[in-house]
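Below is one structure; the comments refer to it alone.
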Amino acid sequence: MTELTYLQGYPEHLLAQVRTLIREQRLGAVLQQRYPGTHSVTSDKALYQYVVGLKNAYLRNAPPVDKVAWDSKIHVIKNALGLHTAVSRIQGAKLKAKAEIRIATVFKKAPADLLRMIAVHELAHLKEKQHDKAFYQLCCHMEPRYHQLEFDTRLWLTQLALADGENLD
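Just so you know, we're using UniProt numbering here: the sequence shown kicks off at 1 and counts up by one.
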């Protein structure tokens, strides 16, 4: 049985379909057909503008995002696909908190919809800290196809691992 690292927790019937696509070497083609292009957000400045644009469209009352950056240190298996942190600093007699979002650099080459899913996920943490029902409702408010895009992101990461020669068996 193939261990699908990025797809743990999904129902067996879905995993069986993924294993079939892998065995028939069709996973990459299916993803390419579903998401034919990539995005053009490659610099930290462009990523900041992209994420803040989403925030302004859906979360105007949420705290501001002070920094958004690509991060090559995020390891997609051990940590996450992106990180949302609140950095507190003392400035004189005041304690200032700044929200920062970091997205794994592997997503520089991702389809635009998958980058959007990651950005929406991290933005949702501005209002909802835990991965609970309210969090996922907020994600779906910003991106109605959120759950499908999350699954497809995991498929895309699986395909990348296969292309890099990682043994998923």
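Here a beta-carbon is modelled for each residue, glycine too, at the ideal position from N, C-alpha and C. Keep in mind the model is a prediction, meaning the values are calculated, not measured.
> Is it buried or exposed for E143, if we count other Cβ within 10 angstroms and need 16 for buried?
Replying inline: With 16 or more other Cβ atoms within 10 Å, it is buried.
> What residues in its chain sit with their C-beta under 7 Å from that of L138, if we drop five residues either side in the sequence?
Replying inline: A124, K127 and E128.
>> I'd like to know if the region 37–50 and the region 156–166 are in contact, where contact means that at least 3 CB-CB pairs between them fall below 8 Å.
In response: When Cβ pairs closer than 8 Å are counted between the two stretches, the region 37–50 is seen not to touch the region 156–166, the count staying below three.
>> For Y10, count the other beta carbons within 10 Å of its own beta carbon; 16 or more makes it buried, fewer makes it exposed. Which is it?
In response: With fewer than 16 other Cβ atoms inside 10 Å of its own Cβ, Y10 counts as exposed.
> Anyone know if the C-beta pair for L149 and D113 falls short of 8 Å?
Replying inline: Yes, the pair counts as a contact, with Cβ atoms nearer than the cut-off.
> What number of angstroms, rounded off, separates the C-alpha of N61 from the C-alpha of K55?
Replying inline: Cα atoms of N61 and K55: separation of roughly 9 Å, rounded to the nearest angstrom.
> Rounded to a whole number of angstroms, what is the C-alpha to C-alpha distance between A46 and A93?
Replying inline: Their Cα atoms are separated by approximately 34 Å.
> Can you tell me whether T158 is buried or exposed, with buried defined as 16 or more other CB within 10 angstroms of its CB?
Replying inline: Answer is buried; the Cβ neighbour count reaches 16.
> Expressed to the nearest angstrom, what Euclidean distance is found between the alpha-carbon atoms of T105 and V68?
Replying inline: Going from the Cα of T105 to the Cα of V68 covers about 12 Å.
> If you follow the beta strand (DSSP E) that K67 is part of, which residue opens it and which one closes it?
Replying inline: Start and end: V65 to D71.
> Terminal residues of the continuous alpha helix (DSSP H) containing F151?
Replying inline: Y146 to A163 is the span of the alpha helix (DSSP H), which, as asked, contains F151.
> Tell me which same chain residues have a C-beta within less than 7 Å of the C-beta of C140, skipping the five on either side of it?
Replying inline: Answer for C140: Y146, listed in chain order.
>> Along the chain, where does the alpha helix (DSSP H) containing K45 start, and where does it finish?
In response: Taken as a continuous stretch (DSSP letters only), the alpha helix (DSSP H) holding K45 covers D44 to Y58.
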